[in-house]
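Protein chains: 2
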Amino acid sequence: MIAAALDELDDHGLAAFSIRNLARRLGVYPTAIYWHVESRDDLLAEVVARILADAEPRRALSWQRYLRALFGGYRAAIKRHPSAAPLVGAHLVGNRSIGLGFVEGLLTKLGEAGFAGAELVAAYNTVIAALVGFVTQEFAAVPDDDRERWRAAVRRRLSRSQLASYPVLRRNLPLLANKAFILRWQSGSQAPLDRSFERYVDVVIGGLERLADRRAARRRR
Amino acid sequence: MIAAALDELDDHGLAAFSIRNLARRLGVYPTAIYWHVESRDDLLAEVVARILADAEPRRALSWQRYLRALFGGYRAAIKRHPSAAPLVGAHLVGNRSIGLGFVEGLLTKLGEAGFAGAELVAAYNTVIAALVGFVTQEFAAVPDDDRERWRAAVRRRLSRSQLASYPVLRRNLPLLANKAFILRWQSGSQAPLDRSFERYVDVVIGGLERLADRRAARRRR
DNA sequence: ACCTGAACACCGTTCAAGT
DNA sequence: ACCTGAACACCGTTCAAGT
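So the sequences go chain by chain: U and G. To convert, note that position 74 of the first sequence is 910 in the numbering used here; the numbers rise steadily by one, no gaps. To convert, note that position 112 of the second sequence is 948 in the numbering used here; the numbers rise steadily by one, no gaps.
Structural data, given as structure tokens:
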């Protein structure tokens, strides 16, 4: 049933996802869904839960490798179901969909990194926020209907004549076009941002490392 | 007209936002809206554009201070209109709502930091993704109707008897409850995550600094 | 335990017609 | 240039009734 919902989402996208379409797929009356699930939101939360089910890394890893695996696994999960990308941010904040085991694992790893107390909370929130940030945007859907029209609009906007007052943009245009947020006309499913994601993970882990080092240095004094 | 749309959004939230309700507020037929705007999505994109209009920092700042101001300004803008939080991620990826002037400014600043070529693109994407990540989640709406019920559910989930197998979580519970993603029952409007956001910005800027330093060191060799 | 069937109160959007 | 008015093809959800 939520497997069917996930199929529906993958096949037709979030915009077209409805209880009624799901019922059609199942060959059942729309109202039958409500015996299995409390509401549309509840249903989608369960779908998200299934998508993220096996994203938790092994705890034997060093905290840096653990985080790297977490970011990679999360991105891979969304890559398999890009239509769910916008849901995850919305549902992660609400607690459902995520088990406390995952929370415990992350807190443990950040503890090993040297964070404790209020700083542990801050590091935890930092990781969760960063985890969702890049991927949500990378796989955000492009309006499907006028895809070609939109592509043309972005291209026109980036045509060299328009860019007279934006020298840095103009100079780097070939590298930026369709490979940078705001300047893209395809989502991450068609045009993945692999290298940017790698650097993003480097930045987050590197930043945490520096924070941890400084706390350690302060303790030694 | 899009001012009225913003008011409607602020007053009743995104879930209740509809062309028809906006028309009611304006004392006009729903279909009249379509003379001013192409679609509901288009309307919301314009609303987002207005919200983010004055978020660009002065370019005289050092790149670190520029980024700090950018993150702070963005958060302040969303704090004023939290109902728009989920829209921004969706619309930033699509180019509308954001001027090329902002893109040029950010690229310039990252150039000053020492990034160039493909690494400039990666740094740019990192900043945009990070910019949206935290705030989108912090201000994501809590289901309004069953607010009390949900709060109770989270509390029950975090009751000490449930936490026997999660020692780190249990030990830090007072610091985590309602102050950490997944473990909250209020959104950032009611329970802001100020300290976590500060650390988050530290991590992103610190991570970028380290990346820039290493590139500089490699060039010197 | 699980589904049907009717009904309610909504949506976004198109298009012709008015002023 | 800007709005009315009718219409179309949808929604999520409730509730009583069936099996």
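Ideal Cβ placement from N, Cα and C applies to all residues, glycine included.
Listed in chain order, the beta strand (DSSP E) runs fully inside the region 985 to 1034 of chain U amount to none, counting runs of at least 3 residues.
Assigned with DSSP and collapsed to three states, Y960(G) falls in helix. Y960(U) and A1016(G) have their C-alpha atoms some 7 Å from each other. W871(U) counts as exposed, since fewer than 16 other C-beta atoms from the protein chains shown sit within 10 angstroms of its C-beta. Restricting attention to D843(G), I838(G), A896(G), Y910(G), the CA atom closest to the CA of S875(G) is found in I838(G). Non-local beta-carbon contacts of L943(G) in its own chain, meaning distances under 7 Å to residues more than five positions away in sequence, involve L956, Y960 in chain order.
From the beta-carbon of A1016(G), the residues of chain U found nearer than 7 Å are V957, Y960, N961.
Within the region 909 to 927 of chain G, P922, G925, A926 place their CB atoms closer than 8 Å to a CB of chain U, listed in sequence order. Judged by beta-carbon spacing, L880(U) lies beyond the 8 Å limit of Y1002(G), meaning their Cβ atoms are not closer than that value. For R1031(G), the residues of chain U that pass the 7 Å Cβ criterion are A954, A958, in the order they occur in the chain. Interface annotation, Y902(U): not in contact with chain G, CB-CB separation never under 8 Å. Put simply, the CB of Y1036(G) is near chain U, with a gap under 8 Å to one of its CB atoms.
Counting along the chain, the unbroken alpha helix (DSSP H) around E882(U) starts and ends at 876 to 887. At a cut-off of 8 Å between beta carbons, V968(U) contacts chain G. With respect to chain G, the C-beta atom of Y1002(U) has a partner C-beta closer than 8 Å. Nearest C-alpha to E1034(G) among A889(U), Q1022(U), A954(U): A954(U).
Taking the C-beta atoms as reference points, R886(U) is found nearer than 8 Å to L842(U). Annotated three-state conformation of G947(U) is helix, per DSSP. Using a Cβ distance threshold of 8 Å, L1019(G) and A1013(G) count as a contacting pair. With its beta carbon at least 8 Å from every one in chain U, N857(G) lies outside the interface. Listed along chain G are V1004, each with a C-beta nearer than 7 Å to that of G947(U).
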